[in-house]
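Worksheet for the structure shown next.
In this note's numbering, the protein residues as written are 144 to 368.
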């Protein structure tokens with residue numbers, strides 16, 4: 144089987160490289176740079192499995208169209224393996240039409256993303272970035288901010304990362320409410336409707352899938368609540 148991996152070989156341990164070699168003929172990209180379509184198509188020519196990362200396709204925002212063009216040049220493509228949790232940067236409709244199975248990495252960077260979201264929330268509450276920028280410009284001014292303990296965090300999307308965010312928020316003493324497309328039973332988390340969440344929350348953390356349904360979820364109407 145011919146497998147094309149849109150990631151540098153150096154990013155795989157010797158053990159992982161050996162496992163891949165047992166599956167068939169493996170081709171890697173030499174770096175994470177964005178490749179021209181013609182060069183990428185030539186590199187993956189004949190692949191039956193395509194393991195992809197958005198970087199070689201120009202990043203999440205640009206990857207969908209070039210990836211579809213690459214897949215169009217692979218008549219024997221039998222599977223698409225993503226290096227991400229998100230599906231939004233690929234054309235799922237095209238894959239479904241061609242009956243190409245798509246796999247992702249559900250738990251990828253769960254802790255990192257949840258901790259980063261908490262760090263950003265603390266940054267906003269404590270006015271860290273505002274104070275830093277003013278100080279760098281020689282305009283220091285005391286920015287008191289506020290405490291998050293006792294405040295209500297509204298989590299939109301209670302999947303793996305959203306659930307971990309709920310645990311971290313509870314750890315610093317926040318009340319947690321959440322809206323999810325389907326009801327979830329999470330200790331210490333009250334499920335509410337989206338309008339209720341927007342009205343009650345002191346802070347909001349978004350953990351939804353990258354999809355057309357989620358676009359413009361936060362807009363003038365939702366912010367007015």
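Glycine included, each C-beta is placed from N, C-alpha and C at the ideal position.
### Task
Note down, in chain order, each residue of its chain lying with its Cβ closer than 7 Å to the Cβ of residue 283, except the 5 sequence neighbours on either side.
277
### Query
Would you say the segment 168-185 touches the segment 220-234, given that touching needs at least three Cβ pairs under 8 Å?
no
### Per-residue DSSP class, three states only, for residue 349
Three-state DSSP puts residue 349 in a strand.
#### Entry: Distance between beta carbons of residue 294 and residue 272, contact taken as under 8 Å
Between residue 294 and residue 272 the Cβ distance is about 19 Å, and since that is not below 8 Å, they are no contact.
### Task
Taking the CB atoms as reference points, tell me whether residue 156 and residue 196 lie closer together than 8 Å.
no
#### Entry: Runs of beta strand (DSSP E) lying entirely within the segment 248-335, each at least 3 residues, in chain order
295-299, 318-322, 332-334
#### Entry: CB of residue 309 within 8 Å of CB of residue 332, strictly
yes
### Continuous beta strand (DSSP E) stretch holding residue 192: start and end
192-195
### Query
Which residues share a DSSP beta bridge with residue 171?
Residue 171 is bridged to 148.
### Query
the ligand ZN heavy atoms versus the CB of residue 246: any closer than 7 Å?
The ligand content of the structure shown is nil, which means the ligand ZN is not present either.
### Query
Based on the DSSP output, what are the partners of residue 222 in its beta bridges?
192
### Message
Considering only DSSP beta bridges, list what residue 153 is partnered with.
### Response
Residue 153 pairs with nothing; no bridge assigned.
### Task
Taking residue 214 as the reference, give the member of 203, 253, 185 with the closest Cα.
Nearest C-alpha to residue 214: 185.
### Query
DSSP puts residue 245 in a beta bridge; with which residues?
Answer is 223.
### Query
Residue range of the alpha helix (DSSP H) that residue 367 falls in?
Here residue 367 belongs to no alpha helix (DSSP H), and DSSP marks it neither H nor E.
### Task
Report the option in 265, 338, 248 whose CA atom is closest to the CA atom of residue 366.
338
### Query
Does the distance from the CB of residue 370 to the CB of residue 350 come in under 8 Å?
With the chain covering 144 to 368 only, the question about residue 370 has no answer from this structure.
### Query
For the 8 Å Cβ check, are there 3 or more pairs between the segment 259-270 and the segment 235-251?
no
### Best match in 181, 180, 193 for proximity to residue 163 [C-alpha to C-alpha]
193
### Task
Note down, in chain order, each residue of its chain lying with its Cβ closer than 6 Å to the Cβ of residue 261, except the 5 sequence neighbours on either side.
311
### Task
Would you mind reading off the limits of the alpha helix (DSSP H) that contains residue 213?
207-215
### Host alpha helix (DSSP H) of residue 201 (start-end)
Segment: none, residue 201 is in no alpha helix (DSSP H) and carries neither H nor E.
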